[in-house]
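Residue numbers for the sequence shown follow this note's numbering, beginning at 337 and rising by one. Structure first, commentary second.
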Amino acid sequence: MIIENAYKSNDVAIRIKEILKNRNIKQKEMYNTLGISDRTLDNYKTSMPKADNLAKIADYLDCSVDYLLGRTDIYHVAHEAKDEMEIEMLKAFKSLNFSDRIEIVNTIIEKTKK
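As structure tokens, this is what we get:
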């Protein structure tokens, strides 16, 4: 049985270009910020992007990897943070290494049990 690739690299490139255009962001600006070669999007027309680059681009564009791959038409990533304090806490949490994250989650769980 042969399984065809369900994702087309050119579709990924088209979605990225559409978002950049709608947000008035230049490709080069995004790639410089992400540390990715500015020829990358041209390459996406014929070959699928690496997973890490696709994740970086999705984060930068505030959309899901699934959206870029065409698995969903829902563009925006849902954000739970409702106020500045929650946003700052989330940023701080994301900057921690894995073991520190586990420690904080366990502390929060303990605190909520009381």
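C-beta atoms are modelled at their ideal positions from N, C-alpha and C, and glycine is treated no differently. All figures in this text were calculated on a predicted structure; none of them were measured in a lab.
Residue nearest to residue i in terms of C-alpha spacing, selected from the options
i: Ala394; options: Thr443, Glu446, Phe429 and Glu354; result: Glu354
i: Arg351; options: Asn368, Gly406 and Glu424; result: Gly406
i: Tyr396; options: Ile423, Gly371 and Asp419; result: Gly371
i: Asp378; options: Ala349, Arg359 and Glu420; result: Ala349
Delimiting residues of the alpha helix (DSSP H) encompassing residue i
i: Asp402; result: Val401 to Leu405
i: Leu370; result: Gln363 to Leu370
i: Ile393; result: Ala387 to Leu397
i: Met384; result: No alpha helix (DSSP H) holds Met384; DSSP gives it neither H nor E.
i: Arg437; result: Phe434 to Lys449
i: Asn358; result: Ser345 to Asn358
i: Ile423; result: Glu420 to Lys430
Sequence-distant residues of its chain with Cβ nearer than 6 angstroms to residue i (five each side left out)
i: Met384; result: Ser345
Own chain, CB closer than 7 angstroms to residue i, minus 5 neighbours either side, in chain order
i: Asp347; result: Gly406
i: Val401; result: Leu390, Ala391 and Ala394
i: Lys430; result: none
i: Thr369; result: Tyr396
i: Lys447; result: none
i: Asp436; result: none
8 angstroms Cβ shell around residue i - same chain, five flanking residues per side excluded
i: Lys362; result: Leu356
i: Leu432; result: Ile440
i: Tyr403; result: Arg351, Ala394, Asp409, Ile410 and Tyr411
Could you check whether the region 384 to 404 touches the region 428 to 446, counting it as contact only if at least three pairs of C-beta atoms, one from each stretch, sit closer than 8 angstroms? Too few Cβ pairs lie closer than 8 angstroms, so no.
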